[in-house]
Every structure is written in C-alpha cells, then in structure tokens.
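Below: the structure, in structure tokens.
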Amino acid sequence: MLLNFNPWSEIERMRREIDNVFGSYGKSSGSYSFPLTNIYDNKDNIIVTAELPGMKKEDVNVSLTEGVLTISGNRNGAPTDRDNIIVRQERSTGAFEKSFKIPTKVMEDKIKAEFKNGILTITLPKSEEAKPKHITIDVK
Numbered sequence: 004m005l006l007n008f009n010p011w012s013e014i015e016r017m018r019r020e021i022d023n024v025f026g027s028y029g030k031s032s033g034s035y036s037f038p039l040t041n042i043y044d045n046k047d048n049i050i051v052t053a054e055l056p057g058m059k060k061e062d063v064n065v066s067l068t069e070g071v072l073t074i075s076g077n078r079n080g081a082p083t084d085r086d087n088i089i090v091r092q093e094r095s096t097g098a099f100e101k102s103f104k105i106p107t108k109v110m111e112d113k114i115k116a117e118f119k120n121g122i123l124t125i126t127l128p129k130s131e132e133a134k135p136k137h138i139t140i141d142v143k
C-alpha cells in the first residue's frame, strides 16, 4: 500500500494544534500581524494599503521617521457585560504598531493618507532623484 505523505502539511497541522493549546500566550495584542498590509511600487509612488476593519481614522496614527513608515493605533473590543461570556475570541484588541523601511527617498511634505471603508491608503511620492531615469542612447 502506497501512502501519500506531505511533511509540510504535517508541520502545519502541528502548528495549528500548538496554537489551539496555547492560544495567544506570549503574543502582544494583535501587533504580530495586524494590520494586514500590501505595499506597491510604481515609477512615481510607493503605495501602502492597510486593512483596519471597524476602526475610525481618529484611532489610527501614521508617521514617517528616518525612512521608516509606522502605522499604529488602538483597537477597541466589543463591549462585554455580565450576561455575555466570550467563548472564542480571534479578533485581537488593544494597541498595535507595524513598521516598514521605505527603501526609496520620498517627498515627505507630499505624503497623503486616505481612510475609506476600513482601508487605509498611504501614498508616498518618490523624490525626483529616486524616480527611474530615461536615458537616450545615440547609435553611431
């Protein structure tokens, strides 16, 4: 009899079991993965998008210091009362902070941040010296 064994799926299964046993023990509240982000690079801008469901713009801070972009804030949990007991909680609450090194010089005075439908979009315009240059080659 031939068995189909995938060691990676076995390791993933063990990791899930360990997570179930220990839960969020030793993890700071949400800072290890929240917010989920995408970073895009085009010829003119670096664009960062972050998922911040259920948050208000007043609860989020964005800063750029020495080429490091930081998104931070505080996620409030659902209100609890004596009649409701949390049976399972997967959504983290509390303070969070996530930082990214921006590898390109940007025009700091032109950075824009927009918050719409739970998505934070930060546009960092590249400085002229960081933009790709078009060089014409003369053929002789």
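Here the sequence shown is numbered in the working numbering, starting from 4 and rising by one per residue.
Glycine included, every Cβ here is placed at the ideal spot set by N, Cα and C.
Short of 6 Å from the beta carbon of Glu-15, and not among the five residues preceding or following it, lies no beta carbon of its own chain.
Judged by DSSP secondary structure, Asp-44 falls within the beta strand (DSSP E) whose first and last residues are 40–44. For Pro-38 and Arg-94, the gap between their C-alpha atoms comes out near 11 Å. For Asn-77, the closest of Arg-85, Ile-88, Val-65 by C-alpha to C-alpha distance is Val-65. Annotation: Thr-139 is outside any beta strand (DSSP E) and is labelled neither H nor E by DSSP. Shown here for Val-71: same chain residues with a beta carbon closer than 6 Å to its own, the five before and five after excluded, namely Ser-102, Lys-104 in chain order. Collapsing the DSSP output to three states places Lys-119 in a strand.
Shown here, Pro-10 sits in a helix according to DSSP, grouped into three states.
By alpha-carbon distance to Thr-96, the top candidate from Glu-13, Asp-22, Ser-36 is Ser-36.
For Val-71, the enclosing beta strand (DSSP E) covers residues 71–78. Excluding the 5 residues flanking it on each side, Glu-13 has no same chain C-beta neighbour closer than 7 Å.
In this structure, DSSP gives Ile-89 a state outside helix and strand, which the three-state scheme calls coil.
Ile-125 is positioned such that its CB atom lies closer than 8 Å to that of Ala-116. In the DSSP secondary-structure assignment, Gly-97 is bridged to Arg-78. Just so you know, the alpha carbons of Phe-118 and Asp-112 end up roughly 19 Å apart.
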